[in-house]
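Chemist: One structure coming up, written as structure tokens, with questions to follow.
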Amino acid sequence: MNIVVLSRNPNLFSTNRLVVEGKKRGHIIEVIDPLKCDLIIEKEKPTIYYKDRYLDYVDAIIPRIGASATFFGCAVVRQFEMMNVFTSVTSDAIIRSRDKLRSFQRLSKAGIGMPKTVFTNYSRDVEKVIAHVGGTPVIIKLLEGTQGLGVVLAETKNAAESVLEAFNGLQARALVQEYISEAKGADIRALVVDGQVVGAIKRQGKEGEFRSNLHRGGTAEVIKLNEAELKVAMKASRALKLPICGVDMLQSTRGPLLLEVNSTPGLEGIETATGKNIAKSIITYVERNRHK
């Protein structure tokens, strides 16, 4: 097959792993920067022009689109979809997952447990917002943050008010979430491929850091999920129609609580910790589903 990995940087660990595993299985793999594509829209003949050629020979794509490239990146994925090219993750599913509020609404409707969350339209009544989630400490998250950026732990009412006022002043939309103290700065990342969990790690934030992201100096260890955690991961994947995704959860006294679903999860942390060949699982998923 001719498979295109849509990525801005061919040297990224995840992008490179997909290229290596795809070539091992006999495919022609190409990395294309979605932001350098021209989309040609005309009746019954949508095409994509990249550098000096038309991409009319592509059999399947694997989007690896960062949050900053969501708008145009998803337009490129949608154009491939219009050209009847198989995509491992659809443009609609990426957009759904990137909007934290929208995805939380869908996930709660699917009956998935999550920390109590409040979203308001730049509310001045910060006290009321904090009361809704059970008082301080609270987590305040920008709707469009990634890798732990735009996530703040406010331990007091004054701190929460200051952060919310700052975000409001910047017209940055944020949601307020209850703080799950028993998680102790750790979370679980389950990696789902084709609706099944193929690997899981427990990520622990470094000393004094409530965010567990590996990009922020957190550590990872392999973990075996219990039945409730497996259910949450697979249910979340179905609810957001993301056959490939990273599902982040907290372990709490009331069971696993879903934090976030990532439509382009990094492979480095999870492949390194588990020793599993997840890039190969993704390539074989594409092979199995291209002709469906």
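Sequential numbering from 1 applies to the sequence shown in the UniProt record's numbering. Backbone N, C-alpha and C define an ideal beta-carbon position, used for all residues, glycine too. No experiment lies behind these values; they were computed from the predicted model shown.
(1) Please report the distance separating the alpha-carbon of leucine 35 from that of arginine 203.
(2) Would you be able to state if there are at least three C-beta pairs under 8 Å between the segment 47–57 and the segment 15–22?
(3) Measuring straight from C-alpha to C-alpha, what distance separates serine 103 and arginine 288?
(4) Hey, which unbroken runs of the beta strand (DSSP E) at 3 residues or more fall wholly within the segment 90–161?
(5) Of the choices Phe119, Ile223, Ala183 and Val222, whose alpha-carbon is the least far from that of alanine 172?
(6) Am I right that lysine 116 and glutamate 161 are in contact with their C-beta atoms under 8 Å? What's the rounded C-beta distance?
(7) Within 8 Å, do at least three Cβ pairs link the segment 81–97 to the segment 276–290?
(8) Given a cut-off of 8 Å on the beta-carbon distance, is the pair proline 46 and methionine 82 in contact?
(9) Please determine, among Glu260, Ser281, Thr272 and Leu230, the residue with the shortest C-alpha to C-alpha distance to valine 151.
(10) State the beta-bridge partners of valine 20 as determined by DSSP.
(11) Near threonine 274, which residues of its chain fall below 7 Å by C-beta distance, leaving aside the five closest residues on each side in sequence?
(12) Please give the ranges of any alpha helix (DSSP H) in the segment 31–95, keeping only runs that are unbroken, at least 4 residues long and fully inside the region.
(13) From which residue to which residue does the beta strand (DSSP E) around tyrosine 188 run?
(14) Given that a residue counts as buried once 16 or more other Cβ atoms are within 10 Å of its Cβ, and exposed if not, what is asparagine 9?
(15) Can you check which of these residues, Leu257, Arg189, Thr156 and Phe167, is closest to glutamate 182 by C-alpha distance?
(16) How big is the Cα-Cα spacing for leucine 225 and isoleucine 283?
(17) Which of helix, strand or coil does DSSP assign to alanine 236?
(18) Using the Cβ count rule (16 or more neighbours within 10 Å means buried), how would you classify glycine 246?
(19) Is it buried or exposed, serine 212, if we count other Cβ atoms within 10 angstroms and call 16 or more buried?
(20) Where does glycine 26 land, buried or exposed, given buried means 16+ other C-beta within 10 angstroms?
(21) Between the alpha carbons of arginine 189 and asparagine 11, how many angstroms are there, rounded?
(22) Tell me which same chain residues have a C-beta within less than 7 Å of the C-beta of lysine 276, skipping the five on either side of it?
Modeler: In brief:
(1) 32 Å
(2) no
(3) 27 Å
(4) 117–119, 138–142 and 151–154
(5) Considering only alpha carbons, the answer is Phe119.
(6) Going by Cβ atoms, the distance from lysine 116 to glutamate 161 rounds to 19 Å, so no, they are not a contact pair.
(7) yes
(8) yes
(9) When only C-alpha atoms are compared, the closest one is Glu260.
(10) Valine 20 pairs with nothing; no bridge assigned.
(11) Gly199, Ile201 and Val222
(12) Secondary structure in the segment 31–95: the alpha helix (DSSP H) runs of 4 residues or longer, each lying completely within the stretch, are 70–82 in chain order.
(13) Just to set this straight, residue 188 is isoleucine in the shown sequence, not tyrosine. Element bounds for isoleucine 188: 186–193.
(14) Classification of asparagine 9: exposed, given that the 10 Å Cβ count is below 16.
(15) Out of Leu257, Arg189, Thr156 and Phe167, Leu257 has the C-alpha closest to the C-alpha of glutamate 182.
(16) Distance between leucine 225 and isoleucine 283, taken at the CA atoms: about 24 Å.
(17) helix
(18) buried
(19) Note that serine 212 scores 48 on pLDDT, short of 50, meaning its location in the model is unreliable; the coordinates nonetheless yield the value given after this. Label assigned to serine 212: buried.
(20) exposed
(21) 23 Å
(22) Val198 and Gly199
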